[in-house]
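Undergrad: Structure in structure tokens, see below.
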Amino acid sequence: PASLKRVWEQLKAVMVADSAIDPLTKEMIYIAVSTANGCSYCIHSHTAAARAKGMTDAQHGELVSIIGLAGQTNHLVTAMQIPVDPQFEVR
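Structure follows, in structure tokens:
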């Protein structure tokens, strides 16, 4: 479909383009977001891409640990309605 083609072109433009973020880091970010969104296809395809770009088993293990911890802390502070500390506010 046209919508899938459009998204695929956007994906290639962002993931392949020269930028301040290196290709492996881009793939690891994609893995984290895909895990949070529950997209199995994306998790597998971007994990394969990250491994092809040099991600080690140790890096993957740490990434999964960070994703899990971020999920826990996000849910906890949201449920407890903890306000943002002034020094952390993004303006």
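For the sequence shown, the positions run 8 to 98 when the numbering used here is used. All C-beta atoms in this analysis are idealised placements derived from N, C-alpha and C, irrespective of residue type, glycine included.
1. Does DSSP classify D64 as helix, strand or coil?
2. Name the residue from L31, W15, M22 and R13 whose alpha carbon lies nearest to the alpha carbon of T63.
3. From I89 to Q17, what distance separates their C-alpha atoms?
4. What would DSSP say about C46, mapped onto helix, strand or coil?
TA: In brief:
1. Note: D64 maps to helix in three-state DSSP.
2. L31
3. 36 Å
4. coil
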